[in-house]
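Residue 533 is where the sequence shown starts when you use this note's numbering, and the numbers rise one by one after that. Idealized CB from N, CA, C, for every residue including glycine. Let me begin by presenting the structure, written as structure tokens, before commenting on it.
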Amino acid sequence: MHGYHNRIARVNLTEGKVTYEELPDEVIRKFIGGKGLGYYLIYREVPPGTDPLSPANKFVFATGGLTGLIPGSSKVIAVSKSPETRLISDSSGGDAFGPKLKGHFDALIIEGKAEEPVYLYVHDGEVEIRDAGHLWGKGNYEVAKELWKEHPKASLALIGPAGERLSRIANVIYDTERASGRGGLGAVLGSKKVKAIVVEPGEKPGVASPEEFQRLWQEFYEHFATDPKYEHTRNYGTSDGLRSSASLGMSPAYNFSRPYIPDELASKLGGDEIKKYEVEPEWFVHGKSCPIKCARYVEVEYKGRKIRVKPEYESIAMLGAATGVFNFPAVAYFNWLVNNLGLDSIATGNTIAWFFELVERGLISEEEIGFPVTGFGDEEAEERLIRLMAERKGIGAILADGVKRACERLGRGCEFAVHVKGMESPAWDPRGRRTYALSYATADVGASHLRGWPRPHQLPNQGSAKELVPSLIEGRDESYITDMLGVCKFVPYKMEDLARFYSLATGEEWTVEGLRKVAWAVESIARIHDTLDWVTPPLDDTIPPRWWEPEPDGPAKGNAAFIDYNDFLEARREFYRLRGWHEELGVPLPETMEELGYPEFKSDAERALEVVKKRMGL
């Protein structure tokens, strides 16, 4: 098929062997690439019940159907069974890694476990397993420097010391400034002793209609790069996001206890403040070629040390507002530190914010912690906790696996631990947007802001959550489609544009309806697998207690995430129904899989239904 190499590389670390397989066109048509292909491969090869940190788990880097082919299509999707949630989990990452990998393979599968640390070297359509003993234990910035000396044109996927020590919130860092951050996937590579994947530029796959494709490419690039409608994004990226979320009552400030904060406070971590520190991007910051910029590259001085980093809204809000730190140089430094150590900035900020609230409430003593912590706004403590989490030392050993396990280990504070299915909430409090909490409750990976936003923007008290479920599903499908095609969500393509590009690339006729059907099927197979593993939807598709507390002030004052519990149940039931899942049990119906054109998943859907009925005593 045009637009693909139709090749998968499989690295068996236990045997020290690399093999190459054909990726059939039929599989591409059913799963496209990126998230879809990654989920299919994990579903097929990692049975429910597999320990995520065992050699039996597998790790997939899957490029999208349009990765590297259209403006803003830099994404690679990392897919594995999450050590944090035990669900199939995916996390997209940008920069040049995806396009360069697409020059060799449509997917890279890593399985088994190496005896000693290794890195994988991808070049000329092949993969080599190389010794990484000299890199193990080092931070990502130092490792990148060393690898670029040897491979100056390569793009890198790295794990830091947190991944080596199997922190369940460890991430994968691309070229030092981008991440597949969610779900603790860095720990999967750490468990396999893989320190890095180094990818040289390859041969971009050809498209079916090159002249028309190039004409369209130029048209869209110029549109996104010049249209005044996108000027704010081009100027600030996501760096001004805290002012927006705070004004809507949707920020994570002070561990989601004050979603509304005044603009003068939010502005301390806002776009104009951040632009004061902006510098020209380094050669390896590939986002500079994107027509829509979602982050700024900055240089700050903190405690006499100059650092450069590329922060964006989620990291700024979770390492800053959530923990009560409103000093941008400090927050930028924390961002640099988590990148270097290989920790998910969202999960790290969420967990420390929860810990600071624990301190503020007097629920943990200085004697237990081992050093003084004053609570929200304590910069010294935040830096120390980040390091201890990556090192798994002292109190950091309790916090290193995320907020759910931390509150369970300490036996306190779980009522204000903000997570869904074990994954920490990102920087958008759903009490400021009607039906939005349902997106968190039903998302395949746990709490994710990238699984569909209901429309229009209204407050939960302005009407039943059920009414906006169709728009949530529409948004979810669109999110899946961009992740299957490898396109960044900040580049404002319409679905019709993507279908047109994909048709010109593959030489096959694709419609938005056809892409949506694949998205629906991929979500359904994720649900089947996770249900056969441990998820009981009526019990687990829920939200944390904090979001049932009415907001204390601001435009969403008095709003909880839903009008009441019945409002939530009705909306969830409607979501299940419209998805073709069992209305009460939340499991895809066998006939739905057949109607979608995926009959091979029918029997597993039947088994999943029986499993959930048994768990529920039905």
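Query: Could you spell out where the beta strand (DSSP E) holding lysine 549 opens and where it closes?; Result: 549-554
Query: Assign arginine 837 to one of two classes, buried (16 or more other C-beta atoms within 10 Å of its C-beta) or exposed (fewer than that).; Result: exposed
Query: Would you say the stretch 575-590 touches the stretch 1030-1043, given that touching needs at least three Cβ pairs under 8 Å?; Result: no
Query: Under a three-way DSSP split, which group does methionine 782 fall into?; Result: coil
Query: Among Leu698, Tyr1108, Asn672, which has the Cα closest to the Cα of arginine 710?; Result: Asn672
Query: Could you tell me which residues DSSP puts in a beta bridge with lysine 838?; Result: Glu833
Query: Hey, could you find the ends of the alpha helix (DSSP H) glycine 718 is sitting in?; Result: 717-723
Query: Taking buried to mean at least 16 other C-beta atoms within 10 Å of its own C-beta, is asparagine 1098 buried or exposed?; Result: exposed
Query: At which residue ranges does the stretch 672-733 contain complete alpha helix (DSSP H) runs of 4 or more residues, listed in the order of the chain?; Result: 672-682, 693-696, 717-723
Query: Provide the residue span of the alpha helix (DSSP H) that contains asparagine 872, from first to last.; Result: 860-873
Query: Would you mind reading off the limits of the beta strand (DSSP E) that contains tyrosine 653?; Result: 650-655
Query: Can you give the Cα-Cα distance for glycine 894 and glycine 928, rounded to whole angstroms?; Result: 19 Å
Query: Just verifying my parser: in three-state terms, what is the DSSP assignment at asparagine 787?; Result: helix
Query: What number of angstroms, rounded off, separates the C-alpha of glycine 713 from the C-alpha of serine 980?; Result: 11 Å
Query: Taking 7 Å as the cut-off, decide whether the C-beta atoms of valine 1050 and glycine 568 are in contact.; Result: yes
Query: Quick one: what's alanine 959 bridged to in DSSP?; Result: Answer is none; alanine 959 lacks a bridge partner.
Query: Helix, strand or coil for valine 659, going by three-state DSSP, please let me know.; Result: strand
Query: Can you find the residues in the same chain that come closer than 7 Å, C-beta to C-beta, to glutamate 805, ignoring five residues on each side of it along the sequence?; Result: Ser799, Phe860
Query: I want to know whether the stretch 750-757 touches the stretch 595-610 - three or more CB-CB distances under 8 Å.; Result: yes
Query: Under the rule that 16 or more other beta-carbon atoms within 10 Å means buried, what is valine 811, buried or exposed?; Result: exposed
Query: Is the number of C-beta pairs between the stretch 555-571 and the stretch 720-728 that are closer than 8 Å three or more?; Result: no
Query: Given a threshold of 16 other Cβ atoms within 10 Å of its Cβ, counted over all protein chains shown, does histidine 1114 qualify as buried or as exposed?; Result: buried
Query: Measure the beta-carbon distance from glycine 1039 to alanine 639 and round it to whole angstroms, keeping in mind my assumption that it falls under 8 Å.; Result: Going by Cβ atoms, the distance from glycine 1039 to alanine 639 rounds to 21 Å, so no, they are not a contact pair.
Query: Give me, in chain order, the residues of the same chain whose beta-carbon lies closer than 6 Å to that of glycine 852; leave out the 5 immediate sequence neighbours on both sides.; Result: Leu801, Val863
Query: Under a three-way DSSP split, which group does histidine 755 fall into?; Result: helix
Query: Provide the residue span of the beta strand (DSSP E) that contains isoleucine 620, from first to last.; Result: 620-625
Query: When the distance is taken between beta carbons, is glycine 565 closer than 7 Å to glycine 1199?; Result: In the structure as shown, the chain begins at 533 and stops at 1150. Residue 1199 is therefore absent and cannot be evaluated.
Query: Nearest-angstrom Cα distance between lysine 725 and alanine 922?; Result: 16 Å
Query: With distance defined between alpha-carbon atoms, name the residue in Phe593, Gly715, Leu1141, Phe563 nearest to alanine 541.; Result: Phe593
Query: Determine the extent of the alpha helix (DSSP H) in which isoleucine 609 is found, giving its start and end residues.; Result: Per DSSP, isoleucine 609 belongs to no alpha helix (DSSP H); it is in the beta strand (DSSP E), 608-613.
Query: The alpha helix (DSSP H) that contains threonine 1124, what's its start and end?; Result: 1122-1128
Query: What separation, rounded to the nearest whole angstrom, lies between the Cα atoms of glutamate 696 and arginine 747?; Result: 46 Å
Query: Note down, in chain order, each residue of its chain lying with its Cβ closer than 6 Å to the Cβ of glutamate 643, except the 5 sequence neighbours on either side.; Result: Asn544, Lys590
Query: Suppose you measure from the CA of threonine 546 to the CA of alanine 646; what does that come to, to the nearest Å?; Result: 5 Å
Query: Between leucine 873 and alanine 694, is the Cβ-Cβ spacing less than 7 Å?; Result: yes
Query: Checking the sheet assignment: what are the DSSP bridge partners for histidine 1114?; Result: The partner list for histidine 1114 (beta bridge, DSSP) is empty, contrary to what the question assumes.
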